């Protein structure tokens, strides 16, 4: 299965790269990491919970995206991986 | 009632989250031409998430979906139809496409348990839809009709010019159809975003043909559009004087009266009330009289 990628590196956006894995592994690089790392991680974990995904490698490169943008980009990346 | 309809690219988070700061009366989030073919899925998810969590307040919110002749349209509608959306903008809309969209919306409203009825803004941008425009304007759900001059010029094989003489006929025909049906006549965008004088001329020209609003493709066009499509302070003052004189005449059981030496009757009073409704809607009434 090929990796799924969605989003951009423009301001207020994020790029997600996801790959199949046996467990969840999330890496976050964010321009607002010092203030919002935990909130970004929470959005990712909640979205994966909603999708009942237990195993996935997630790389999030964030440029200050709001929660709904993070969620939308993550779901798009997963759908593209599964397509 | 709106003067400006601002297109916002549907896959651009920064533009989407700031859409309500530009001062447009209505926003059109675009899933069609502003989104690359390979990004349609991501744009749909982004826009649905935004509408669910952060719908702008105080403005009409529309979504331009992809054409009904594509497999994308139904996915777009499934994703965005909901309480946060006031209407759907349909590209290349003819009678048959509008009937189909109305049925889809009816079913989605029932499925999603919506209390509201989603409006439709058709874009008339083919010769076929222009010759159907009087019938189109009579359909229920319509807030207005938007002229799409770029696609229309391609269909008609004429060159677009800044003077816009080639679109006088479509502008006038759409304006008459809309006014007869009491819906908004919305003019095509002015595509040069660095020519405010040209934009102003274009607005004045379309207004003279009966258009009462204009689509915008850049926030820097809003101020000029509002300046042209708002009633001027002079017109508002005139309308307020007509209203006051009409009330006084009414108390004296006079149907016709004179103001400043000119006869005033019902059509003039109606015109004045129309100006005052627009002024009130756009917050332009002098404070003590609002």
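Chains as they are written, first to last, in our numbering: chain A, 1 to 83; chain B, 84 to 373. Yeah, the Cβ is synthetic: ideal placement off N, Cα and C, and Gly gets one too. As the structure is a computational prediction, the values presented were derived from the model and not from experiment.
In the DSSP secondary-structure assignment, residue 269(B) is bridged to 229(B), 296(B). Residue 25(A) sits exposed, since fewer than 16 C-beta atoms from the chains shown fall within 10 Å of its C-beta. Listed by position along chain B, the residues whose Cβ is nearer than 7 Å to that of residue 10(A) are 97. Rounded to whole angstroms, residue 246(B) and residue 209(B) show a C-alpha spacing of 20 Å. In the assembly as shown, residue 68(A) is a buried residue. Its beta-carbon has 16 or more other beta-carbons within 10 Å.
Exclusion of the five residues before and after residue 199(B) leaves 166 as the residues of its chain whose Cβ lies within less than 7 Å of its Cβ. The continuous beta strand (DSSP E) containing residue 113(B) extends over residues 109-113.
For residue 61(A), the secondary structure class from DSSP, reduced to helix, strand or coil, is strand. The C-beta distance from residue 230(B) to residue 274(B) rounds to 13 Å, too long to fall under 8 Å, and the pair is not in contact. Per DSSP, residue 344(B) lies in no beta strand (DSSP E) segment and is marked neither H nor E. Secondary structure of residue 29(A) (DSSP, three-state): strand. Contact of residue 54(A) with chain B is not assigned, every C-beta pair being separated by 9 Å or more. Ranked by Cα distance from residue 53(A), the first of 8(A), 14(A), 78(A), 9(A) is 78(A).
Here the segment 57-73 of chain A lies against the segment 123-137 of chain B, with 3 or more beta-carbon pairs under 8 Å apart. Per DSSP, reduced to three states, the secondary structure at residue 87(B) is strand. Using a Cβ distance threshold of 9 Å, residue 204(B) and residue 111(B) count as a contacting pair. Beta-bridge partners assigned by DSSP to residue 205(B): 173(B). When the five nearest sequence neighbours on each side are left out, the beta carbons in the same chain lying within less than 7 Å of the beta carbon of residue 302(B) are those of 89, 105, in order along the chain.
What residue 6(A) touches in chain B, judged by beta-carbon distance under 9 Å, is 122, 124, 125, 128, going in chain order. Under the three-state reduction of DSSP output, residue 69(A) falls in the helix class.
In the structure shown, residue 17(A) adopts extended strand secondary structure according to DSSP, grouped into three states.
Annotation: residue 168(B) is outside any beta strand (DSSP E) and is labelled neither H nor E by DSSP.
Chain A has a Cβ within less than 9 Å of the Cβ of residue 136(B). Pairwise C-beta distances place the segment 286-301 of chain B out of contact with the segment 319-329 of chain B, as fewer than three of them are shorter than 8 Å. Residue-level contact check: residue 131(B) touches chain A, since one or more beta carbons of chain A fall below 9 Å from its beta carbon. Looking at the DSSP output, residue 5(A) sits in a beta bridge with 17(A).
Excluding residues up to 5 positions away in sequence, 9, 10, 11, 12, 13, 14, 31 lie with their Cβ nearer than 7 Å to the Cβ of residue 63(A) in the same chain. Contact between residue 146(B) and residue 172(B) holds: CB atoms are separated by about 7 Å, below the 8 Å threshold. By the criterion of a C-beta distance shorter than 7 Å, residue 156(B) is surrounded in its chain by 148, 149, 150, once the five residues flanking it on both sides are discounted. Closer than 9 Å to the CB of residue 290(B) there is not a single CB belonging to chain A. Within the same chain, 55, 56, 57 come within 7 Å of residue 21(A) by CB-CB distance, once the 5 residues on both sides are set aside.
About 5 Å separates the Cβ atoms of residue 213(B) and residue 253(B), confirming a contact at the 8 Å cut-off. Only those residues of the segment 84-116 of chain B whose C-beta falls short of 7 Å from the nearest C-beta of chain A are listed: 96, 97, 100. Sequence-distant Cβ neighbours of residue 108(B) in its own chain, meaning closer than 6 Å and more than five residues away, are 85, 86, 87.
No Cβ of chain B is located within less than 9 Å of the beta carbon of residue 40(A).
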